[in-house]
Amino acid sequence: MNKYSTDVRVFIVLQMARCDENVKAVQRAWQEKFHNKNWPNKRTMARLYAKFKRTGSVEDDKKAMATATATVVTDGAKQVVDDFFAADPTRSVRRAAEMLGIKHTSLQRIMKELELSPYKIQVTQPLNEDHTQRRSEFAQLMLEKLQTGEIDVKKIWFSDEVLLHFGWPSEQTELSLLGQRKAGDYCCPKPPPEKISCVVCNILAWCIWLYFHRWNSKRGELQKVPGRGVHPFSSWS
């Protein structure tokens with residue numbers, strides 16, 4: 001195996017895991033990538049893959065120094081994991097551990113070092129410069145449909161996600177509010193500058209319901225104010 005570079009060894013291990021140790025499939029993948037048939041023989045591939053499962057490394061070492069149970073986090077193992085999730089980012093951690101032959105806890109440690117996470121916060125709909133104007137136009141269109149009777153006023157027809165920005169002396173805190181959730185589910189880590197803050201807004205077909213909370217400094221949470229503000233669209237001028 002001395003004649004094969006680390007990148008080539010990583011490729012072999014990765015393909016052995018993906019192809020369930022099917023050497024013929026690994027050879028086809030080799031030919032597609034390197035455009036030649038100078039692949040290692042079946043025994044060499046199997047020995048390299050078994051060594052990686054045993055030690056977590058694709059580099060040459062003494063078998064007596066390798067442990068039978070612990071997975072050593074090496075640069076080669078990190079490269080294998082990085083390439084694996086780059087090609088198949090939706091694969092679960094548990095399944096990836098089985099396919100790569102790495103302990104579940106070791107794989108989690110490698111993923112942490114690579115700054116890989118099963119949950120990626122991302123913008124699903126890119127915001128453009130005119131998104132505020134378009135939202136305003138959409139709201140106006142919906143109001144017109146209400147007035148013309150195109151929408152059933154007996155049903156909830158619209159809900160929105162609201163971001164409230166509270167300014168603090170040292171930082172800014174955001175509350176993400178969903179109209180369909182209970183008002184009691186929301187809390188604020190620090191008291192807002194106002195004594196009373198609107199935290200929930202439910203938009204229905206015939207009105208807007210506003211729920212108000214007051215900050216309780218003793219309990220360290222927002223408490224619901226009795227009653228709610230109901231604003232029918234028919235009362236709007």
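FYI, full-length UniProt numbering numbers position 236 of the sequence shown as 236, with every residue one higher than the one before it. Backbone N, C-alpha and C define an ideal beta-carbon position, used for all residues, glycine too.
- Label Lys51 either buried or exposed according to how many other C-beta atoms from any shown protein chain fall within 10 Å of its C-beta, with 16 as the threshold for buried. buried
- Query: Do Ala77 and Gly56 have their C-beta atoms within less than 8 Å of each other?
  - Reply: yes
- Query: Is Lys53 helix, strand or coil when you go by DSSP?
  - Reply: helix
- Message: So, under 8 Å CB-CB, Val93 and Leu114 are touching, yes? Tell me the CB distance rounded to an integer number of Å.
- Response: The Cβ separation is near 12 Å, so there is no contact.
- Query: Once you ignore the five residues that flank Gln15 on each side, which residues in its own chain have a CB closer than 7 Å to its CB?
  - Reply: Val26 and Ala29
- Item | Contact check, Glu59 vs Thr132, beta carbons under 8 Å | no
- Task: If I'm right that Glu21 touches Tyr49 with Cβ under 8 Å, what's the distance once you round it to whole angstroms?
- Result: 7 Å
- Query: Closest by CA to Lys33, which one among Val8, Arg43, Ala46 and Lys42?
  - Reply: Val8
- Bounding residues of the alpha helix (DSSP H) (the contiguous stretch that carries Ser136): His131 to Thr148
- Query: Can you round the beta-carbon distance between Val81 and Met111 to whole angstroms, since I take them to be within the 8 Å contact cut?
  - Reply: 7 Å
- Take the Cβ of Leu141 as the centre, count every other Cβ of all protein chains shown within 10 Å, and call the residue buried at 16 or more, exposed below. exposed
- Cβ of Gly149 less than 8 Å from any chain B Cβ? The displayed structure is made up of one protein chain only, and chain B is not part of it.
- Task: With Trp30 as the anchor, note down where its alpha helix (DSSP H) starts and where it stops.
- Result: Val23 to Phe34
- Query: Could you check where the alpha helix (DSSP H) with Thr6 kicks off and where it finishes?
  - Reply: Thr6 to Arg18
- Can you tell me the Cα-Cα spacing of Pro89 and Met99, whole angstroms? 14 Å
- Query: Is it right to say Ala97 is buried, meaning 16 or more other beta carbons lie within 10 angstroms of its own, or is it exposed?
  - Reply: buried
- Item | Lys63 to Gln79 span [Cα, whole Å] | Reliability of the predicted coordinates at Lys63 is poor, the pLDDT of 46 falling under 50, and no value is obtained from them.
- Task: Rounded to whole angstroms, what's the CA-CA distance from Asn38 to Asp83? Just pull it up for me.
- Result: 22 Å
- Item | Ala87 versus Ile12 - alpha carbon distance | 15 Å
- Message: Between which two residues does the alpha helix (DSSP H) holding Leu114 run?
- Response: Per DSSP, Leu114 belongs to no alpha helix (DSSP H) and is neither H nor E.
- Task: Please report how far the alpha carbon of Glu129 lies from the alpha carbon of Arg135, in whole angstroms.
- Result: 12 Å
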